[in-house]
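Student: In my numbering, the protein residues as written are 27 to 565. The C-beta atom is built at its ideal place from N, Cα and C for all residues, glycine as well. What you are looking at is a predicted structure, and each value in this text was computed from that prediction instead of being measured. A single structure is presented below for examination.
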Ligand SMILES: Nc1nc2c(c(=O)[nH]1)N[C@H]1C(S)=C(S)[C@@H](COP(=O)(O)O)O[C@H]1N2
Ligand SMILES: [Mo]
C-alpha cells in the first residue's frame, strides 16, 4: 500500500500537477458521497426530493421551448438521459474545481460545495408539490460532503501550506506518503459508501416506481351503478371557498406511513375472515369483475380542528363492503370489523355500520375517476360515510377481520382515541379568511361563504352570526346527498355594520334538526367541536 502510494501519481511526489489531480479527486469523491446520501434519503422522503432530480426538473422547466424541441429531435426519448449526463458532467467539473480551490484556498472550496448543495436543497423544496422536508436530502448531503472535502483536502495540501515549513525534504516526503495513504483509505470508504447508498436508494425506490407504472396504465372498469350527477348548484364557485369536489392533488393526506406503501395490484388480496362462517380471499382480478358502484363521500379526519382543512370530498368507485361481509357470513356476537393495511395500521369499524343496506361503505379503488393515488391507498381502501378516517378509512387495505370491540383494539384506540368515531356536525367559514380586511361591494355587502357537514345525516340549515347580533339563516348550495358536505353563502351587509373589526360565527343544523353545539372540544379523543369564529375588518 505504501509502495503503491509512493508511485501512484507517476510524477515527483508532491509535484504541482499531481497535487491538482488529487485535489480534483477529493472534490469529486466528496460530492459523490454527499449525493449518494442525498439519493438514499430522497428515496424515503419522496423520489422527487432528490436534489439531482429536482435540479433536472427545474432545468426542464426553464429551458426555452426551442431548445427543448431541439433536444427531443436530437435525442428522442433519451433526452432525459442526455440531460442527466450533462448535469453529471457539470457537477463533476464543479466538484473537481471545489476540490482544487479547497486545497489552495481553504475554506473556499468547501464553501462552494456547500453553496451548490444548499442551492440544490432549495430547488428541491420549492418544486411543485414539494414540502419543506424535501430540502432534507440536499442539506444532509452537504453535511456529509463538506467535512469530507475538508479532511481529504488537508491530506493533499503541500506541507508548506500546512505549517510544516521546517520539515526536512525527507520528512516532508514521508508525511506526504502517510497523507496519501490516508487519502486513499478515506476516499475508498467514501466512494464505496456513495455507491452503496445509490444502490440502496434504487432498491428502496424501485417498488414505488414499478407500482406507479402499473397505476399509470391501469384502466378502471365502468361502474355498474354510477354516482348521481353533481347538480350545477352544488358549487357556488366563490374564490377562496373550498370547491364542492376536492381534486386528488389537493386532497388532505393523513397516515402513519413514513414511506408510502407500494402495493402491486397483481399481488394484492383482501382476506375476509374472523368471526365468520365462510372466510375467503379476494384477488384484484376478482374485485375488478364485480359490479362496482360510485358514490360521493366527504372524508374527514378526527384531528381536524374547528375551521381546519383535514376534510375533502371525492367521488369514490368501489364495491360495497356489505356484500363482501355477507359472503363471509358473520357470526352472531360480532360487532366490529378490524381492517388492516399492509403497513400494519388498523381501524375498528362497527359491523352494523358496514352492513347497513342504506349506507354506501365501499372497498374503493377509484377516486374522482382515476385509480386511487398511491398516497390515498392504491390499490384499495375503505370509505365509510359518517365515520372519521381513523376508525374506517383504511388505505392499502388487505384484511377485514370480523371481531368484537371487546376483543380487538385498533391503532388509534390503543393510543387513547375513542373506539367509536362518528363525525361531528360541523361548519366552517372559508371566506373571508380570518384577519382579512374586506371592502363592501357596490351594494354594501361582503360575501361570507363556507362549508358544513354532517355525513350520512345531511345538513338542513346553516346560520351566521355577526358580533352579538341574531343568528341569520344563509343560502345553502345543492348537494348530491347527505354523505357530502354542503357549501353555503351569505351576503352580509358589511357597510351597514360599519367600518372596523367584526366577528363572524357559523353553526349548522343537521337533517335531524340537531343544532351544532357551541361546546368547545379539542380533536382528542373523538373530534373537535365548537363554532368556527373569524374576525375581519371592514374598510
Ligand atoms: N393504512 C392507513 N390507512 C389510514 C390511515 C393510516 O395511518 N394508515 N389514516 C387514517 C386517517 S386518520 C384518515 S383521516 C384517513 C385519511 O385519508 P386520506 O389520506 O386519503 O385523506 O385515512 C385513514 N386511513
Ligand atoms: Mo384521521
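Hey, residue 379 and residue 413 are a contact pair by Cβ (cut 8 Å); roughly how many whole angstroms apart?
Tutor: 7 Å
Student: According to the neighbour-count rule (16 or more other Cβ atoms, all chains shown, within 10 Å of its Cβ), is residue 248 buried or exposed?
Tutor: By the 10 Å Cβ count, residue 248 comes out exposed.
Student: With DSSP as the reference, please indicate the residues paired to residue 463 in a beta bridge.
Tutor: In the DSSP output, where bridge partners are listed per residue, residue 463 has 563.
Student: Cβ of residue 403 within 7 Å of any heavy atom in ligand 1?
Tutor: yes
Student: Anyone know if the C-beta pair for residue 498 and residue 506 falls short of 8 Å?
Tutor: no
Student: Assuming residue 428 and residue 354 form a contact by the criterion Cβ under 8 Å, report the distance between their Cβ atoms to the nearest whole angstrom.
Tutor: Taking a contact as a CB-CB distance under 8 Å, the pair residue 428 and residue 354 counts as one, their CB atoms being some 7 Å apart.
Student: Strictly closer than 7 Å from CB to any heavy atom of ligand 2: give me those residues in the order they appear in the chain.
Tutor: 280, 327, 328, 329, 336, 414, 415, 416
Student: Determine the direct distance from the alpha carbon of residue 91 to that of residue 53, and round the result to whole angstroms.
Tutor: 34 Å
Student: Is any heavy atom of ligand 1 found at a distance shorter than 7 Å from the C-beta of residue 444?
Tutor: no
Student: Note the first and the last residue of the continuous beta strand (DSSP E) segment covering residue 345.
Tutor: Note, residue 345: beta strand (DSSP E), 337-346.
Student: Would you call residue 72 buried or exposed, if buried means 16 or more other Cβ atoms sit within 10 Å of its Cβ?
Tutor: With 16 or more Cβ atoms within 10 Å of its Cβ, residue 72 is classed as buried.
Student: As a quick exercise: from 520, 158, 61, 535, pick the residue whose alpha carbon is nearest that of residue 502.
Tutor: 535
Student: Might you give, ordered along the chain, the residues of its own chain that have their beta carbon closer than 6 Å to the beta carbon of residue 371, omitting 5 neighbours on each side?
Tutor: 282, 437
Student: On the CB-based measure, 16 or more other CB atoms within 10 Å of its CB, does residue 293 come out buried or exposed?
Tutor: exposed
Student: Nearest-angstrom Cα distance between residue 441 and residue 307?
Tutor: 30 Å
Student: What is the rounded straight-line gap between the Cα of residue 166 and the Cα of residue 221?
Tutor: Residue 166 and residue 221 have their alpha carbons spaced roughly 17 Å apart.
Student: Please work out which residues of its chain come closer than 8 Å, Cβ to Cβ, to residue 537, disregarding the five sequence neighbours upstream and downstream, and give them in chain order.
Tutor: 480, 483, 484, 485, 486, 508, listed in sequence order.
Student: For the segment 460-470 against the segment 515-525, are there 3 or more C-beta pairs whose distance is under 8 Å?
Tutor: yes
Student: Please tell me whether, using a cut-off of 7 Å, the distance from the CB of residue 209 to the nearest non-hydrogen atom of ligand 1 is below it.
Tutor: no
Student: With respect to 7 Å, is the separation between the Cβ of residue 367 and the closest non-hydrogen atom of ligand 1 below this value?
Tutor: Yes, Cβ of residue 367 sits closer than 7 Å to a heavy atom of ligand 1.
Student: Taking DSSP as the reference, what is the three-state secondary structure of residue 476?
Tutor: strand
Student: Looking at C-alpha atoms only, which residue of 443, 272, 565, 252 is the closest neighbour of residue 338?
Tutor: 272
Student: Is residue 312 buried or exposed, if buried means 16 or more other CB atoms sit within 10 Å of its CB?
Tutor: exposed
Student: Please classify residue 35: does DSSP put it in a helix, a strand, or coil?
Tutor: The pLDDT assigned to residue 35 is 40, lower than 50, so where the model puts this residue is not dependable, and the model offers no usable value.
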